[in-house]
Every structure is written in C-alpha cells, then in structure tokens.
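Take a look at the structure below.
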Amino acid sequence: MTGRPSGTRPRPTAPSPTLTRQPSGILSASVNDRADISQFEHPPRSNNAEGQPRRVGVELEMAGIRPHQVAEAVVDAVGGHIEIDSAFVTRVCGSSLGEFRVELDADLLKSRQYQNLLAEFGIDIGKGDEREQIESLISRVAGLIVPLELVGPPVPWTELATLDMIREQLHQAGARGTHSSPLYAFGMQLNIEAASLEADYLLAVIRAFLLCYDELIEAERVDLSRRITPYVQPFPEEYLAHVLQADYAPDLHGLIGDYLRLTPTRNRPLDLLPLFAHLDEARIMAAPVETHLIKARPAFHYRLPNCLIDEPDWSLATVWNRWIEIERLADDPARLERGRSRRLSRSSPLRRWLSQAWRKLRT
C-alpha cells in the first residue's frame, strides 16, 4: 500500500475558483418551511408601472465571517455555484434569484488598486500562488475594520422571506453586526423599486420620508459610529423647508434640479441619485456629486438602518416594515398634508442657518 511518508502532512490546496454546492436536504427543507412572507407587510402599491411586482435589492454589511461562508449561506438557500474572483470578491452565480456578490467593501481592494500603491515603493507581488497568499492576508486584516458586504440582485418583494433565510444562516454562522464593535459602522441597505416615476409620487415619498426621519432614527437605533460618519447625514433643513412648502409641485426636471442644488450628495439616509440617474443620467453624471459610486436604477436607495445580523430578534422584515410605513404615509394625502404643515411650522431661519453651518463644518 502506498502513502505519504510518516510525519508528513498533505499540502493544502487553494480553493477552486469555481465551486458548486448543492443545498442539503435538511437545510433546504428548513429554508422552504421557514420562508414566511406573512412577516413582511404589503406595500400600498405592490406593482410597478408595468404591473409587475416591485423589486427590492438588499445589501448587508457584516464581520466575523469569511467570504466563502457567506457564499455558502446563499447557495444553501437559493442554489447556484460559487465563483471566487479574488480574495476580495466572491460571487454566487446561477441561483434561483440571480447573481449575489460577496465583497470586502473597499474599492481599493476590490479593484486591486493597492498594487499601484505597493509598486510606488518598489514592491511587486507578482501573480499566482504568491499573490493569492498576500491577498488572503490582506483580506483577513482588512476584515477587522472593513465590512464584508453581501449584495443581492433585485428580486420581487414577495421573495424577501427567502432572502431573510440567508440572513438567518449568516446569523447562525456567527456574522457580527453594527453593535458588536465601536469600529463597525455597518449598515443594511434597501434598493426599493419605485411604484411610479411620476414627479407627484416621488415627491410624496420624499416628503413622507422627511416627516418620518426623526422616528426612524429612534426606531432603528442608528449607531453613533454611523451617525458621525458622512454616509447617512440628515437632509439639510433648507431642503426640507423647500420641498415641504404647500405650493411646491415640481415636474421631474425641477425635482431633480432642487435636489442637486440643495443636497448634492449620495450620503443621505435616502439616496435619490440612483433614481434620478435612471431618469436623467447625463444630468446627474455632469453634476458635482459622487458619480463614480452612482448606479442608475429606478429605485429608492434606503441607507439608514443598522445591520443587526447578530441579534436574534432582528430580521429583514424589521427594516422592510418600517419602510412600508413611509409608503403608507405617502399614499395617504390627508395625513401627509397634516404632517407637512406641522413639520414646516417647526422650521425657522435659525434652524436653517444651523443646518447650513453644520454642513460647512463637516466639509
């Protein structure tokens, strides 16, 4: 009988760049049994302008878990196979819902721009096994402060319960969320397809969000680490006062123009630039905004919530149902008007001046 010499260990092999993992019978049965859409509130407008169920994209930031574990959680829930692009980017392809991406949320790593920085110091990490080992080390060190992000495809909102099964698997695997470290300014993001692209509907949702903002901050327990970063800063008071005026009824051109004039950034709890880029991409890409980060899509980019993936009572339904309250307010003209009038009465020149001063201080 042949074998290895005594005392030797098998040489570890690098993972295949393409792996296929089929869900086990037990796990897949559990996922199917527990995918309960009844936990998710129905939006007041369930379909888009084409009469199809509105779609939602979910993004989760986390730590304490390796990219391959995240990818396996996706495959166990919705099938597909795993493609490893690098130590920083892993994809799940061919799932029942589309392609998922697992990536370290740092453009410097994902695009391998760090190689240019090393080259300036005369360091060439080469290719092949040597580069893979170095990138693996960088990935592990970066994972201490840079979130690992799961980016899902846009799916019908009726599939949110299936996505929540992925969240449950990640919770069981030990993924850590926002509150587990002062360094973790981790968030959950929803890209929610607009039910209509008409100006009056978009304005109603914007107004409803602004009216609900203070309550959302409290309900979501938005972590201090996220509130002091630039990514989800509140809308300026002057923008709020402008869009809440009783006679404010812009067309799409005016709605986009006022946003670019009064709050020209994606770093808001409700980022409207992807939606506006879908409507007028040339105008947005010519504006003084973060164009390299904007992906045009007919969706509200809701960025406010924490990612509490390690907390047992938290789920995607928690965040989704709070968003639905915004849509219900937007769809109730009488209640929206009462809220608009009350909030506008609280606005004042002093409040607007303080908002402007705070914005200048941050920039």
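Under this note's numbering, the letters of the sequence shown match residues 25 to 387, in that order.
We put the beta carbon where it would ideally sit given N, CA and C, even for glycine.
Query: Compute the Euclidean distance between the alpha carbons of PRO389 and HIS92, then round it to the nearest angstrom.; Result: Residue 389 falls outside the range modelled here, since the chain spans only 25 to 387, and no answer is possible.
Query: What's the C-alpha gap between PRO180 and LEU294?; Result: 21 Å
Query: For the segment 209-219 against the segment 110-124, are there 3 or more C-beta pairs whose distance is under 8 Å?; Result: no
Query: Confirm, please, whether the CB-CB distance from GLU83 to LEU174 is below 8 Å.; Result: yes
Query: Give every residue of the same chain whose Cβ lies closer than 8 Å to the Cβ of ARG191, excluding the five residues on either side of it in the sequence, and list them in chain order.; Result: LEU84, ILE333, SER339, LEU340
Query: Label ARG17 either buried or exposed according to how many other C-beta atoms from any shown protein chain fall within 10 Å of its C-beta, with 16 as the threshold for buried.; Result: Outside the modelled stretch of the chain, which goes from 25 to 387, sits residue 17, for which no answer is possible.
Query: Take PRO68 as the anchor and find which of PRO336, ARG364, TYR225 has the nearest alpha-carbon.; Result: TYR225
Query: What's the call for GLN213, buried or exposed, on a 16-neighbour Cβ count within 10 Å?; Result: buried
Query: Give the straight-line distance between the Cα atoms of GLY211 and GLU361, rounded to the nearest whole angstrom.; Result: 31 Å
Query: Can you check which of these residues, PRO322, HIS66, LEU240, ALA87, is closest to ARG200 by C-alpha distance?; Result: ALA87
Query: With DSSP as the reference, label ARG292 as helix, strand or coil.; Result: coil
Query: Using alpha carbons as the reference points, say which of LEU264, PHE324, GLY278 lies closest to ARG290.; Result: PHE324
Query: Using CA coordinates, which residue listed in ARG285, TYR283, LEU172 is at the minimum distance from CYS331?; Result: LEU172
Query: Keeping to the same chain, check which residues put their C-beta closer than 8 Å to that of GLU305; ignore five residues upstream and five downstream.; Result: ALA320
Query: Taking the alpha helix (DSSP H) that ALA197 falls in, what are its first and last residues?; Result: Where ALA197 is concerned, there is no enclosing alpha helix (DSSP H), given that its DSSP letter is neither H nor E.
Query: Identify whether HIS325 lies in helix, strand or coil by the three-state DSSP scheme.; Result: strand
Query: At the level of alpha carbons, what is the spacing between THR182 and ALA228?; Result: 24 Å
Query: Under a three-way DSSP split, which group does ASN72 fall into?; Result: coil
Query: Would you verify that the beta carbon of ARG367 is, or is not, closer than 8 Å to some beta carbon of chain D?; Result: Given the protein chain composition of this structure (a single chain), no chain D is represented.
Query: How should ALA301 be labelled, buried or exposed, when 16 other C-beta atoms within 10 angstroms of its C-beta is the threshold for buried?; Result: buried
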